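Trainee: Got a structure for you, written out below as structure tokens; questions coming shortly.
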Amino acid sequence: MAQSLANFVLRKTRFMQDSFNIPQLLLRFALGITFLTPVADRLGILGAPGTGNIEWGNWSHFIDYTATLMPIFERPMVNVMGSIATAAELLVGICLIIGFKTKYAAIGASLITLTFILFMTFSVGIQKPINYGVFTASAAGFLLSFIPQYKWSIDHLLNNKAK
Numbered sequence: 011m012a013q014s015l016a017n018f019v020l021r022k023t024r025f026m027q028d029s030f031n032i033p034q035l036l037l038r039f040a041l042g043i044t045f046l047t048p049v050a051d052r053l054g055i056l057g058a059p060g061t062g063n064i065e066w067g068n069w070s071h072f073i074d075y076t077a078t079l080m081p082i083f084e085r086p087m088v089n090v091m092g093s094i095a096t097a098a099e100l101l102v103g104i105c106l107i108i109g110f111k112t113k114y115a116a117i118g119a120s121l122i123t124l125t126f127i128l129f130m131t132f133s134v135g136i137q138k139p140i141n142y143g144v145f146t147a148s149a150a151g152f153l154l155s156f157i158p159q160y161k162w163s164i165d166h167l168l169n170n171k172a173k
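Under this note's numbering, think of the first position of the sequence shown as 11, with each following residue one higher.
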């Protein structure tokens, strides 16, 4: 009886660990793409301003928009803040997709989007971050940071190599 119970617990524990494998991969990719696409947009990679589903199309339009979210800052400081945000989003997006330092990248994703929520809420109201799904992205990053292992990632390869 005790052996049967132990086997049952081991199977359930293994199932619980394995059940995170595909969802964490999908969540990493979804969040990573969510960060990389706006970076590509503001750098003009996705198209010119005013075409298709392009939000900014170039750096100048992105900084104009960023200035509306940060009305207390002068243009040079907005440019610095936009540059920092872009670098952070690029780093977090790449790390999430390849699965490198995933826990920290997920926390970074959550903090970046939380910062965006705060600036958007104070400048244009709460409805915009709700409409853009920023709360969901922030919560998703936070949730991803608690997943115990990231299979199909550089982290997983490095952890297995260290053992």
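Cβ atoms here follow ideal geometry from the backbone N, Cα and C, with glycine treated the same way. Fair warning: this is a prediction, and the values are worked out from it, not measured in the lab.
Could you tell me the alpha carbon to alpha carbon distance between G103 and F126, rounded to whole angstroms?
Mentor: Spanning the two alpha carbons is a distance of roughly 16 Å.
Trainee: Count the other CB atoms, across all protein chains shown, that sit within 10 Å of the CB of F132; report buried if there are 16 or more and exposed otherwise.
Mentor: Exposed, since its Cβ has fewer than 16 Cβ neighbours within 10 Å.
Trainee: Give a yes or no on contact between the stretch 93-110 and the stretch 46-56, applying the rule of three or more CB pairs nearer than 8 Å.
Mentor: The stretch 93-110 is in contact with the stretch 46-56.
Trainee: If you check the beta carbons only, do Y75 and W66 fall under 8 Å apart?
Mentor: Taking 8 Å as the Cβ cut-off, Y75 and W66 qualify as a contacting pair.
Trainee: Please state whether DSSP places Y75 in a helix, a strand or coil.
Mentor: Three-state result, Y75: helix.
Trainee: Report back the beta-carbon spacing between L154 and L36 to the nearest angstrom; my notes put them in contact at under 8 Å.
Mentor: Actually they are not in contact, since the Cβ atoms of L154 and L36 sit about 10 Å apart, beyond 8 Å.
Trainee: Just the Cα atoms here: how many angstroms apart are Y142 and L56?
Mentor: Their Cα atoms are separated by approximately 19 Å.
Trainee: Please classify Y142: does DSSP put it in a helix, a strand, or coil?
Mentor: Three-state result, Y142: coil.
Trainee: Could you check what DSSP says for E99 in three-state terms: helix, strand or coil?
Mentor: Correct three-state label for E99: helix.
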